[in-house]
Every structure is written in structure tokens, then in C-alpha cells.
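**Student:** To get this note's numbering, take the position in the sequence shown, counting from 1, and add 364.
Beta carbons: idealized from backbone N, C-alpha and C, even for Gly.
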Amino acid sequence: IEKIVELLPYEDTLHHVDLSYISGMPYEFARSLDRAEDFNGPKYKIYNPKVEAAKEEFLNAVYSFNEICISFLSVDHPQRKPLMVVPPFDWRNGPSEARYRELQSSLSDHATMLINKYKLFVEVYKSEGFISDKI
365 IEKIVELLPY
375 EDTLHHVDLS
385 YISGMPYEFA
395 RSLDRAEDFN
405 GPKYKIYNPK
415 VEAAKEEFLN
425 AVYSFNEICI
435 SFLSVDHPQR
445 KPLMVVPPFD
455 WRNGPSEARY
465 RELQSSLSDH
475 ATMLINKYKL
485 FVEVYKSEGF
495 ISDKI
């Protein structure tokens, strides 16, 4: 649990994911979301069924969110710091606008799901007596 919360700090995660479909997110945060998927396997199993189920739901939401991000977000200006992955703003007001809006809506839906699953994960692990000084 600590490793997940360290990799994806609660407040930062809620903030960046909530704004992702509008303005993108820092590249390093996107990489952290990729790395979080590794915690969904037998090596990182939590031997509390409720917490494990909430963790799996959260990490499955991360995976789904990442799948949409791959289609929608990309590095726009590699020379700018901090490096950001952003929506393809040049698709708006052109022939690709329908695709832009479709992907933006999908990312928004997946962002909401990820945020809700993270909140549930934190709620469940706290209710089961797990303690973290990261939240």
C-alpha cells in the first residue's frame, strides 16, 4: 500500500487525473501511472481480501485510464520544462475534431472512474486498519 501511495501521491493524483482530459499532465506523473500497473499481481498481493479487491479495482482503473491516454495524450513541446503530455489541441476546429471530442470524453469518464476507485481504495484500507503517513 505504501509503495502505491508513494508512487501516486493522493492529492497530486486527484489533481492531475482530474485535469488530464483538459490540459494534460506532467510526463513524470504519466510514467508513475504506468509503473503503478506493476502492483497488480501475485508479488504485491495484499492478504486482506477487501483491501486487495479495492487495490485491484483501482489498478484496473489505472490501466484503463492509461489505455485512453496512449491514444489521446502526447508530448507536444519536448524542449519545455516540466515535460508535459497534452491533448492534440491542433485537432480542434478541424477534420479531426469529432475524434478529439470522442477521446476527450472517454478520458474524462476514465478519469472520474480512476478518482473514484482511488478514493474507495483509500477508504477501504483505512477502514481495515491499515495506516499510512502519506495521506
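1) M448 and Y385: beta carbons closer than 9 Å?
2) Going by DSSP in three states, P390 sits in which element: helix, strand or coil?
3) Determine the contact status of L478 and S428, defining contact as a CB-CB distance below 9 Å.
4) CB of F429 to nearest heavy atom of the ligand ADP: below 8 Å?
5) Could you check whether A400 and V426 sit closer than 9 Å to each other, using their CB atoms as the reference points?
6) Ordered along the chain, which non-local residues of its own chain (more than five positions away) have a Cβ less than 8 Å from that of K498?
**Tutor:** Taking the coordinates as given:
1) no
2) strand
3) yes
4) Among the components of this structure there are no ligands whatsoever, and the ligand ADP is therefore not found.
5) yes
6) E366, V369, E370, P373 and Y374
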